[in-house]
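Asks:
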Amino acid sequence: MGNSPADFSQLASDAILYNPSDLACWVDSLLTEFAEPPPTCSSDFIVDPVNNQTVVNSAWTAAEPHTPQVHQNITYDEQQSLDNQLTVVTAMEEDSGIRLVHMLMTCAECVQSGDLSLATSLIDDMQGLLTHVNTVCGIGKVAGHFIDALSRRIFQGMGGGSVNGGSAFENEILYHHFYEACPYLKFAHFTANQAILEAFDGHDCVHVVDFNLMHGLQWPALIQALALRPGGPPLLRLTGIGPPSPDGRDSLREIGLRLAELARSVNVRFAFRGVAASRLEDVKPWMLQVNPKEAVAVNSIMQLHRLLGCEQTRDSPIDTVLSWIRGLNPKIMTVVEQEANHNQPGFLDRFTEALYYYSTMFDSLEACRIQPEKALAEIYIQREIGNVVSCEGSARVERHEPLAKWRRRLSGAGFRALRLGSNAFKQASMLLTLFSAEGYSVEENEGCLSLGWHSSPLIAASAWQAVPAWDNHMSSS
Amino acid sequence: MVEERYQEGALEINEKKRTKFFINDHEDIVVKILKRLDARSLGVAACVCRLWCSVARNDSLWEHLCFRHVSPPPSGSRPVVIALGGYRRLYMAVLSRLGRASTIVTTAAAAAPWTSDEFQLSLSLFCVDCYERLNDGVDGTNGGDNVVKPHRRRRRR
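Sequences listed follow chains A and B, in order.
Counting in the UniProt record's numbering, the first sequence runs from 1 upward without gaps.
Counting in the UniProt record's numbering, the second sequence runs from 1 upward without gaps.
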């Protein structure tokens, strides 16, 4: 394995070096050049996956070795350890990677058209091909997950198998590690908290409804911010919705107790209520016990898309839930959703979108250094992939829709958008500098914020308020 | 007349005519000196002897360190920080990562002053960190008061 510039030049004659970290661009370029052979690179790249810096070598054909220009200041010791992590890919691996993507697309097409025998043989071929590709990182890893999901779809039918069968406890653990490994959830929590904090300004009794409590990681920061707000903290009530615990433990109540302890230590009057429901559509507004005098905030982190059942009837779950949210007249509703189009009716379109989206996400996860957080975060994402690809009907809950669609849907249901404001943007940018590798970017888009990897947005946060007198408008139209 | 410091047990000169100056007899001077150090040096200083250790662990020193570069220090945050575990813990859990993650060199002299907004965000992150330790304490082997629990060791970059 070449560890110094001189060694690299020796490999030059039989190596095509590509950028294993910039999966998304590479997959994209492959998908748009289906029939053509990939163009030969005029300049070759070695990518340092540690910092996603591209080290460009020009003209390998020159007789004397070229020293790679390293576009960062690093010490000699660091360079030694970085070199150990550089991935040098042979021509055969590059070919295998391309073939894998082509075969994945073909297989998905077969599945869509119902040609399951061809799909099955493609699965076998792909699994054989996987042995030639590095599955620790890059396209091999993502492809592996997609191959699994496709084979589950073909062999187990579309009931979902065990993809969504993980227990609530497991899901919480995976979610927690996903929170630690990459900034998407932190961005979601902090942006929503900032919007809620601003909406609660001037109110003494406030009530937050959290559609998915998990470990309650979002709320300590809000409690602390309320403790420090000028004018003193309000009385904070938190209603957390979560799945019921099977073994008799009341996990919602335990989380509530811990949050209460934290609130007590910073002198914030706090009350907690847990609502155990396995599906969000089973929750009825009376369970939340909202007091008409208090200011209400509804917080939905990646929950609304689960309500988008396949049939768009008049009383679909999403409409029911949105209408009772309106009935609560919340000061603010914070909505964070994946910025992806994974709810298209055609399977091939969905598959293509998912391949691109999750390649980008795995790309960004490469920057994470801490274990076991990284491994468990990957399992978390893997489960999402499995649900998007191998499930149908009511089993498919990961029905992500892009922000534009949510805007239309929420505006049509009687909500108007609230601009998130410059404080939220500043905070998001600061969060990124604190925690993350370069490559993440925050963008503002008509008052909504999105976090992405190399300018592909992956998660979008928005805030909404109920339009008053909407019911009058609806009945008169 | 030059005051001379003596190491313990290394007295060579006739003491009768000279006044001994031993730094550890003057805790207030030790405090004044250690107040000027950066975090890493404070940690090293804590290893010198018991007195220096107790001075270096004093939370007010760390409060001074935290706010050295913030202008102005946010009001009202002290009771919250104390309740969550103190300034030393805040520094170790969150603020030390500020220097490492960014390209700013970590020595005190070269550190750029960070803003009140950054401090507020750090405080929020500290709060989440304390909450997570609360969870660990209940599920793990350490029970009881989270203030006295040692900081959870996690492998980081």
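Idealized CB from N, CA, C, for every residue including glycine.
This structure is a prediction, so every number in the text was calculated from the model and none was measured.
Within the 8 Å Cβ cut-off, does glycine 76/B reach chain A?
Replies: By this cut-off, glycine 76/B is an interface position.
Asks: Specify the secondary structure class of leucine 23/A as computed by DSSP and reduced to three states.
Replies: Here leucine 23/A sits in helix by DSSP.
Asks: Taking 8 Å as the CB-CB limit, is alanine 109/B close to chain A?
Replies: Model confidence at alanine 109/B stands at a pLDDT of 39, short of 50, so the residue's coordinates are unreliable; what they give is reported in the following sentence. No, alanine 109/B lies away from the interface with chain A (no Cβ there is under 8 Å from its Cβ).
Asks: Give the list of continuous alpha helix (DSSP H) stretches no shorter than 4 residues that lie fully inside the region 130-159 of chain A.
Replies: As far as the region 130-159 of chain A is concerned, its whole alpha helix (DSSP H) runs of at least 4 residues are 139-156.
Asks: Do the region 37-50 of chain B and the region 214-231 of chain A touch if we need at least three Cβ pairs shorter than 8 Å?
Replies: Contact between the region 37-50 of chain B and the region 214-231 of chain A is absent, because fewer than three Cβ pairs lie under 8 Å.
Asks: Within 8 Å of any Cβ in chain B, is that where the Cβ of alanine 143/A sits?
Replies: For alanine 143/A, the answer is no, since every Cβ of chain B falls outside 8 Å of its Cβ.
Asks: In chain A, which residues lie with their C-beta within 8 Å of the C-beta of valine 128/B?
Replies: Near valine 128/B (Cβ distances below 8 Å), the residues of chain A are Leu217, Pro220, Ala221.
Asks: Verify the CB distance criterion: does methionine 214/A have a CB-CB separation below 8 Å to chain B?
Replies: Closer than 8 Å: no.
Asks: So, do the region 135-143 of chain A and the region 173-191 of chain A have three or more beta carbon pairs nearer to each other than 8 Å?
Replies: Judged by Cβ distances under 8 Å, the region 135-143 of chain A makes no contact with the region 173-191 of chain A, as fewer than three pairs qualify.
Asks: Using a Cβ-Cβ cut-off of less than 7 Å, give me the residues of the UniProt region "Leucine repeat II (LRII)" (254-286) of chain A that come near chain B, in sequence order.
Replies: Result list: Arg258, Glu261, Leu262, Ser265, Val266.
Asks: Between the alpha carbons of leucine 431/A and lysine 20/B, how many angstroms are there, rounded?
Replies: Rounded to the nearest angstrom, the two C-alpha atoms are 52 Å apart.
Asks: Identify every residue that forms a DSSP beta bridge with methionine 333/A.
Replies: Looking at the DSSP assignment, methionine 333/A forms a beta bridge with Val298/A, Trp464/A.
Asks: For residue 483/A, which residues in the same chain have their Cβ closer than 7 Å to its Cβ, ignoring the five residues on either side in sequence?
Replies: Chain A is shown from 1 up to 477; residue 483/A falls before or after that span and cannot be answered.
Asks: Under the DSSP definition of a beta bridge, which residues are partnered with histidine 207/A?
Replies: Per DSSP, Arg237/A, Val296/A.
Asks: For a cutoff of 8 Å on Cβ pairs, would you count tyrosine 87/B as touching chain A?
Replies: Closer than 8 Å: no.
Asks: Looking at the structure shown, is proline 372/A part of a helix, part of a strand, or coil, going by DSSP?
Replies: It is coil, neither helix nor strand.
Asks: Here's a check: name, in chain order, each residue in its chain whose Cβ is nearer than 6 Å to the Cβ of glutamine 218/A, leaving out the five neighbours to either side.
Replies: Taken in chain order, the residues that qualify are His189.
Asks: Please return the same chain residues whose Cβ sits closer than 7 Å to the Cβ of histidine 215/A, not counting the five positions on each side in sequence.
Replies: For histidine 215/A, where only same-chain residues beyond five positions count, the Cβ hits under 7 Å are Glu172, His176, Ile255.
Asks: Any contact of the region 245-260 of chain A with the region 281-300 of chain A, i.e. 3+ C-beta pairs under 8 Å?
Replies: At 8 Å Cβ cutoff, the stretches do not touch.
Asks: Could you please give the first and the last residue of the uninterrupted alpha helix (DSSP H) stretch that includes arginine 89/B?
Replies: Counting along the chain, the alpha helix (DSSP H) containing arginine 89/B begins and ends at 87-90.
Asks: Along the region 422-435 of chain A, where does the CB come closer than 9 Å to a CB of chain B? Name the residues.
Replies: Under the 9 Å Cβ criterion, the region 422-435 of chain A contributes Asn423, Lys426, Gln427, Met430, Leu431, Thr433, Leu434, Phe435.
Asks: Would you call the CB atoms of alanine 149/A and isoleucine 385/A closer than 8 Å?
Replies: Yes.
Asks: Relative to the alpha-carbon of glycine 97/A, which residue among Ser113/A, Gln112/A, His132/A has its alpha-carbon at the smallest distance?
Replies: Of the listed residues, the one whose Cα sits closest to glycine 97/A is His132/A.
Asks: Using a Cβ cut-off of 8 Å, pull out every chain A residue sitting near asparagine 58/B, in sequence order please.
Replies: Residues of chain A passing the Cβ test: none, with the nearest at roughly 21 Å.
Asks: Would you check whether the ligand FAD has a heavy atom nearer than 7 Å to the C-beta of tyrosine 179/A?
Replies: The ligand FAD is not part of the structure shown, which contains no ligands of any sort.
Asks: If you draw a straight line from the alpha carbon of residue 485/A to that of glycine 447/A, how long is it in whole angstroms?
Replies: With chain A represented from 1 up to 477, any question about residue 485/A goes unanswered, as that position is not in the structure.
Asks: Who are the neighbours of serine 54/B on chain A, taking C-beta pairs under 8 Å?
Replies: What serine 54/B touches in chain A: nothing, since even the nearest Cβ is about 25 Å away.
Asks: Any beta carbon from chain B within less than 8 Å of serine 245/A's own beta carbon?
Replies: Chain B contact via Cβ: absent.
Asks: Nearest to valine 111/A by CA position, among Val275/A, Gly157/A, Leu129/A, is which residue?
Replies: Residue Gly157/A is the option with its Cα nearest to valine 111/A.
Asks: With C-beta atoms as the reference, is serine 60/B less than 8 Å away from valine 94/B?
Replies: Taking 8 Å as the Cβ cut-off, serine 60/B and valine 94/B do not qualify as a contacting pair.
Asks: What span of residues does the beta strand (DSSP E) with leucine 451/A cover, start to end?
Replies: Its beta strand (DSSP E) spans residues 448-453.
Asks: How would you write the range of the alpha helix (DSSP H) that glutamate 180/A sits in, first residue to last?
Replies: Run containing glutamate 180/A: 168-181, per the alpha helix (DSSP H) assignment.
Asks: For a test of the three-state rule: what should DSSP assign to valine 31/B, helix, strand or coil?
Replies: Reduced to three states, the DSSP call for valine 31/B is helix.
Asks: Does glutamine 289/A pass the burial test, meaning 16 or more other C-beta atoms within 10 Å, or should it be called exposed?
Replies: Exposed: under 16 other Cβ atoms inside 10 Å.
Asks: Taking a contact to mean a Cβ-Cβ separation below 8 Å, would you say leucine 458/A touches threonine 320/A in this structure?
Replies: Against a cut-off of 8 Å, the Cβ pair of threonine 320/A and leucine 458/A comes out as no contact.
Asks: Could you check the C-alpha separation between aspartate 125/A and serine 113/A for me, to the nearest Å?
Replies: Rounded to whole angstroms, aspartate 125/A to serine 113/A spans 19 Å at the Cα level.
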